[in-house]
Amino acid sequence: MTAPSRLTAQASNTFRNSFDHFERTVLSQSQSDHRDFSSTTLQDVRQAAKEVEQQLAARQCLRNMRRIEPFLNGLEAYSKVIEVLCNGTPYLPWIWAPVKLMLKLAKDHIIAFEKLMSAYGRIAENLPRFDRLSQAYRHQPDFQQVLAVVYSDILEFHRQAYKFFKRHSWKCFFKSTWGGFDTRFNCILDSLSRHSDLVDREANAFLITETMRWREDALQAAAHREKERLTTQLTSTLAWLGLDSMPHCGRNQQQNEFDKLIHDCCPGTTDWILNHPKMRTWMRNGQDQSTLWLKGKPGSGKSTLCAIVVQFFKLDKTATTLSCFYNYKISEAHVHPSAFIFATLVSQVLQQKRDLAAYVYEEFVAENLPSSTQTLKHILSNLLPQLSLPRIIIDGIDECLQYDASGKPQSLSLVKDVLNDILQLETFGSQAMSPKLLLASRDIGQMVIKLSRKPMMFLDHEPGILQSAIRRFASYRLSEIRGKFQGVPDIERILNRIEETIVIKSQGMFLWVKLIFMQLEEEAYNVNDLESALANMPDGLHALYARIMGRLQVLTPSSQDRVARILEWMLSSRRPLRTIELQDAIAFSGTTTTLDKGSKLPASVIDLCKPLITILHDDTVDFVHFTVKEFLLDTSFTSMQQAELCIATSCLNYLHFSLDLIDPSISANQRTKFVGQGMYTLQPYVHEHWLDHVLIYASSLGTTATQCPHLEARLRQLVARIESLPSRMQSAVNAPMRDDPESNWTLEPRLALFGAHGNVFHFLREACWQRRCTRLKFENPGESDDADQPHINHNPLAQTHAEYHSKVQLLISSKTFPGLSKEELAAFKRFCGPCAFECRFPGCSHPTAGFPTDEARLQHEKTHASPLLCVAPGCTYRLPFASIQSLKRHDRDHHAVSYVRVPRKVRPNNSRSPLSSQSSDNITHFLCSWCDHKFDDLMKRQIHEIKCHFGKSERARKSCDFCSVDLDDLNSPTFIDHLKATHRGNVGADLRRGHLTCLHVVSRREFTRTVFNDLDLMARTQFKDDEASINFWRAYSATLGLLYRSKIGDLD
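Counting in our numbering, the sequence shown runs from 22 upward without gaps.
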């Protein structure tokens, strides 16, 4: 049968699609490269290879260029097969033309050049042997498809290599990004290898079909693996940045702040900012005006204007937008404002350019470097040049302050330092794409000094624009009031006067206008009320706040007390509180230790503090503006110390009440019904933060907690309630004192304030110990002391919390429950369902009270665990493992270690050797020489001994276990720094030099432990079977034998 004389439709599509894909990539980078690729011959490539070889020879860097010859020969053989089929198309030169460019680009980077040459060699090994093909096969339809796929694979390699080497600063990112390139390259090699087999089998039609299907599956699998790799690296890198581990600092908080500003923006009041000449100049591409300072008084709408600019760039998509909305809450949580701002920018870059996460992960996260300000600045210097037209908007730099114990800002010099760091971003980036900065703040001296020569937009100098915007805002809000007075005579005249007065008195402050209208909506019920409001309208924010507080002072005494408690909770709470939590929090003020339907407050009690507070979209309560907090602390209304006392007292009162959940005298159904009725909504917050509030308040008093009899009385009342429980529930008070000093105030120094308070001290000490053990369980999975777990499980507060969550899970999964109406159960699910699963990590600062599902909680809790990485020398696998078991499996499969079996007679307590391959858990333990603590790492043991026993025992060590440094010359923190700096990862090298820790032991017990630890440590260093290691083992064994025979009898 006559074979077709031209390409089949399927093969033609494969050729064309592959070529078009590569051509588009080249055109997007360089028109000149496109012209060169179309006209380059194979002879040109060979000549270019010779020229590169000569240049390398001149630099004394010859790399054996003959290795590329098989690849070029293979391409030549392939071209002879397809040149007739591709006649009249531009396809042919593109299979060899990119080689010429790649060699020239890579020749100045020897490691990259070696990788490229190796890749060409591996392709040559997998190319089908076209020189053996019969001309007849060339025209068979199935075989044509094989030829097309080979063409597609070759061009895909060229396309990926072209993208890689044409990338800006590719040399900087070579180490971190070549791993991803290798994944795609291996898939291409597998495809070529399989098609080579098909060619050798004379292109069997069935195998062609199967291989085509395999190729599609392999490409999808490779893409999936690459996606998983990038996702894992991104997740680990974002966790390393640490934003989500601090209150108010998480990535979600930034997005929520942006969404809130856009949502609250009145239409038509901010359009002017995008058309302002100074803003248009800043937004225009080019090197002119790289920084613009937007300044104005508090409440003038700076944050909203910044959000509008961010939204414009996001919708326009021509520039890469990075933003940071800073506020006083962040300052309270993060001690390094520059580090927070840079970390926020880095996280946004990585989320927009996920492939860049590999660079940060490989160079910094995997190397265990700290996410310091300088490190983050260095990262940004390399990331920003990779972005298209970077635009950076930072709002609230003037709030980068540190606050003292009273909640008032300290020195403003920190603002100047932060500004210096931020302005350095101007210098990052390529010449064509230098970053542009928009900085928004109040007009303060520290900002003026640094930004006086920068272009600025002073909102006070735009009275016409702001008055027009405020008039539009006032008209919009008056339309809502107009409906209340519909049909009232002369109402339009009064409303017009109110609008005019508001526009004149606002002084450009949208916040002032917003608060005025909130007052009008709540207080104006007739024309006289409107006239009175018009006549008594205050000037400025401070006067407005004072007027609002004056109105609150005419309330009844009980309402005034509730207002004070609400504001104090908002001043010092560790996370945003939901309305249902806040209304119960103030119910436990004073001496109240019970809550029922009669004493439970309605949600409307929160309205007492309006308009100073606002309820956000997620039902959390916040101050309407940061200036409210400044006003409350600047006046004599309250103090941070008083706020801490209020919360500490309420928490202790609630804990007393919550013990009903484990009271055996109350039936299980009755307890579940109380949970369903919302009596225990404060449980998650109090369980997590009560100890912090108690200790912070006590430490603010000075040297002893006896200065506050009210707090002491609440603590003694709680302890007495615990003592009244059945004996099996009293471990928190009656547990014996631990011998380890770390269980006392070395565990928590502030415990010393309660040292003379008997059972109260024991109670607080055990609470600190429980928190420590729980934290260690997360940070070092599988390494926490199991001996502590039963004790923790019998802690009454822990039992209470566990009982609460079991009731919540039961109610969430129930359609009905005895004693609860359908309305009550639905209300419970509505407020408790979104946060039914709270994070179990002590001190978690996640902005929400919990998560809707257990899966979401587990995903979040992974951010608290230290990444499990393989630390074997030379291991190239740098991703964290999901569990200790998977890490052990990796070690067993890829890093086989020959364990040494320690004789039982020299093991501590005749225990089983953890070095044995037959050990049940393969966990190595290092026992403290002075107490019963055990550790998985020698350095951890040494740090523990210095912290807990340094200077407290005549048997304290006199030299470092590794290098004999004299401890008498070092204090404890300095010695710990010495261990981390000198010996982390280098223990094996110290042992190879012949240092034996057993040479300075002082007792039989220490001798056996030290021998055990030395052998253990040597096994962990994974010695190779070489002469040096064998000699060391022999020397150690001989020394050990001498020591054991000559000294062990003399030891006590």
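Here a beta-carbon is modelled for each residue, glycine too, at the ideal position from N, C-alpha and C.
Quick one: grab the DSSP three-state call for R463.
Along the sequence shown, one-based indexing puts residue 463 at 442. R463: coil per DSSP, three-state reduction.
For V715 and E651, I'd like the C-alpha separation in whole angstroms.
Counting from 1 along the sequence shown, the entry for residue 715 is found at position 694. Counting from 1 along the sequence shown, the entry for residue 651 is found at position 630. Spanning the two alpha carbons is a distance of roughly 24 Å.
For T302, count neighbouring Cβ atoms within 10 angstroms of its own Cβ and tell me buried if that reaches 16, exposed if not.
To locate residue 302, count along the sequence shown from 1; it is residue 281. The residue is exposed, with fewer than 16 neighbouring Cβ atoms inside 10 Å.
So is A719 buried or exposed if we call it buried at 16+ other beta carbons inside 10 Å?
The sequence position of residue 719 within the sequence shown is 698, counting from 1. Result: buried.
Within 10 angstroms of its Cβ, does S500 collect 16 or more other Cβ (buried), or is it exposed?
Numbered from 1 along the sequence shown, position 479 holds the residue referred to as residue 500. Exposed, by the Cβ-count rule.
Could you give the distance in angstroms between the alpha-carbon of K1045 and the alpha-carbon of Q181?
Mapped onto the sequence shown, residue 1045 falls at position 1024. Mapped onto the sequence shown, residue 181 falls at position 160. Low per-residue confidence applies at K1045: pLDDT is 44, beneath 50, and the placement is therefore not dependable enough to give any value.
Leaving aside the five residues before and after L390 along the sequence, list all residues of the same chain whose C-beta is less than 7 Å from its C-beta, in chain order.
Residue mapping note: residue 390 aligns to position 369 of the sequence shown, counting from 1. So the list reads T396, once near-sequence residues are dropped.
Quick check: the Cα distance between L598 and S190, rounded to an integer number of angstroms?
Taking the first residue of the sequence shown as position 1, residue 598 is located at position 577. Taking the first residue of the sequence shown as position 1, residue 190 is located at position 169. Those two C-alpha atoms are separated by around 47 Å.
With DSSP as the reference, label F705 as helix, strand or coil.
What you label residue 705 is simply residue 684 of the sequence shown in a count that begins at 1. One point to set straight first is that residue 705 is Pro, not Phe, in the sequence displayed. Helix, per DSSP.
Under the DSSP definition of a beta bridge, which residues are partnered with I683?
Taking the sequence shown and counting its residues from 1, the one referred to as residue 683 is at position 662. Beta-bridge pairing links I683 to no other residue.
Which value, in whole angstroms, describes the spacing of the CA atoms of M758 and A734?
Within the sequence shown, the letter at position 737 stands for residue 758. Within the sequence shown, the letter at position 713 stands for residue 734. Residue placement at M758 is poorly supported in this model, since its pLDDT is 47, which falls under 50; the coordinates still yield a value, given next. Each residue's alpha carbon lies about 23 Å from the other.
On the three-pair Cβ rule with 8 Å, is the stretch 468 to 477 touching the stretch 367 to 386?
No, because fewer than three Cβ pairs between the stretch 468 to 477 and the stretch 367 to 386 fall closer than 8 Å, the two stretches do not touch.
Smallest Cα separation from S49: which of Q820, L126, R188 and D617?
Residue numbering aside, residue 49 sits at position 28 when the sequence shown is read from its first letter. Nearest option by C-alpha distance: R188.
From H297, T312, G307 and S352, pick the residue whose C-alpha is nearest to that of L326; which is it?
Counted from its first residue, the sequence shown places residue 326 at position 305. Considering only alpha carbons, the answer is H297.
Looking only at DSSP bridge pairs, what is R412 linked to?
Taking the first residue of the sequence shown as 1, we reach residue 412 at position 391. DSSP, once it has assigned bridges, lists T342 and K457 as partnering R412.
How would you label G871, buried or exposed, when you count the other beta carbons within 10 angstroms and need 16 or more for buried?
For the purposes of this step, residue 871 is taken as the residue at position 850 of the sequence shown. G871 is buried by the Cβ-count criterion.
Just reading off the alpha helix (DSSP H) that T1088 is part of, what are its end residues?
Any question about residue 1088 goes unanswered here, given that the chain covers just 22 to 1073.
R785 to H710, Cα distance in whole Å?
Residue mapping note: residue 785 aligns to position 764 of the sequence shown, counting from 1. Residue mapping note: residue 710 aligns to position 689 of the sequence shown, counting from 1. First, the amino acid is wrong: residue 785 is Leu here, not Arg. Rounded to whole angstroms, L785 to H710 spans 13 Å at the Cα level.
For W314, write down the residues that DSSP places opposite it in a beta bridge.
As a position in the sequence shown, residue 314 is number 293, starting the count at 1. In DSSP, W314 forms a bridge with L460 and M477.
If you pair each beta-carbon of the stretch 594 to 612 with each one of the stretch 509 to 524, do three or more pairs fall below 8 Å?
Touching, no.
G317 to M468, Cα distance in whole Å?
In the sequence shown, the residue the question calls residue 317 occupies position 296. In the sequence shown, the residue the question calls residue 468 occupies position 447. So the two alpha carbons sit approximately 12 Å from each other.
What's the gap between the Cα of A554 and the Cα of W533?
Along the sequence shown, read from residue 1 onward, the residue named residue 554 stands at position 533. Along the sequence shown, read from residue 1 onward, the residue named residue 533 stands at position 512. The straight-line gap from Cα to Cα measures roughly 14 Å.
What residue range is occupied by the uninterrupted alpha helix (DSSP H) comprising V642?
Walking along the sequence shown from the start, residue 642 turns up at place 621. Note, V642: premise wrong, no alpha helix (DSSP H); beta strand (DSSP E) at V642 to F644.
Do Q275 and C345 count as a contact pair if the criterion is CB distance below 8 Å?
Position 324 of the sequence shown, counted from the start, is the residue given in the question as residue 345. Position 254 of the sequence shown, counted from the start, is the residue given in the question as residue 275. Their beta carbons are under 8 Å apart, which means C345 touches Q275 by this criterion.
Between the beta-carbon of H355 and the beta-carbon of F363, is there less than 8 Å?
In the sequence shown, the residue the question calls residue 355 occupies position 334. In the sequence shown, the residue the question calls residue 363 occupies position 342. Their beta carbons are not under 8 Å apart, which means H355 does not touch F363 by this criterion.
Can you tell me where the beta strand (DSSP E) with I634 in it begins and where it stops?
Within the sequence shown, residue 634 is the residue found at index 613, counting from 1. From DSSP, the beta strand (DSSP E) with I634 extends over I634 to I636.
Going by DSSP, what residues sit across from R599 in a beta bridge?
The residue you call residue 599 lines up with position 578 of the sequence shown. R599 is bridged to T641.
In terms of alpha-carbon separation, which member of C853, L251 and P484 lies closest to Q698?
Within the sequence shown, the letter at position 677 stands for residue 698. Checked all of C853, L251 and P484; the closest Cα to Q698 is C853.
Could you tell me which residues DSSP pairs with L841 in its beta bridges?
The residue given as residue 841 occupies position 820 in the sequence shown. L841 pairs with F838.
Using the DSSP secondary-structure output, state which residues sit across from I858 in a beta bridge.
Locating residue 858 in the sequence shown gives position 837, counting from the first residue. Note that residue 858 is Phe in the sequence shown, not Ile. In the DSSP output, where bridge partners are listed per residue, F858 has F872.
Is it buried or exposed for Q880, if we count other Cβ within 10 angstroms and need 16 for buried?
In the sequence shown, residue 880 corresponds to position 859, counting from 1. Counting Cβ neighbours within 10 Å, Q880 comes out exposed, since fewer than 16 surround it.
Could you spell out the range, first to last residue, of the alpha helix (DSSP H) harbouring K694?
As a working note, residue 694 is residue 673 in the sequence shown. From DSSP, the alpha helix (DSSP H) with K694 extends over A689 to G697.
Please classify H731 as buried or exposed, where buried requires at least 16 neighbouring CB atoms within 10 angstroms.
Here residue 731 is taken as the residue at index 710 of the sequence shown, counted from 1. Classification for H731: exposed.
Below 8 Å on the Cβ atoms is my guess for L422 versus S352; work out the distance and round it to an integer in Å.
As a working mapping, residue 422 is identified with position 401 in the sequence shown. As a working mapping, residue 352 is identified with position 331 in the sequence shown. About 5 Å; that satisfies the 8 Å criterion.
Let's see if you can read the secondary structure: which residues bound the alpha helix (DSSP H) around H297?
Start at 1 with the first residue of the sequence shown, and residue 297 comes out as number 276. Per DSSP, H297 belongs to no alpha helix (DSSP H) and is neither H nor E.
What is the DSSP secondary structure of W117, counted as helix, strand or coil?
Position 96 of the sequence shown, counted from the start, is the residue given in the question as residue 117. Three-state result, W117: coil.
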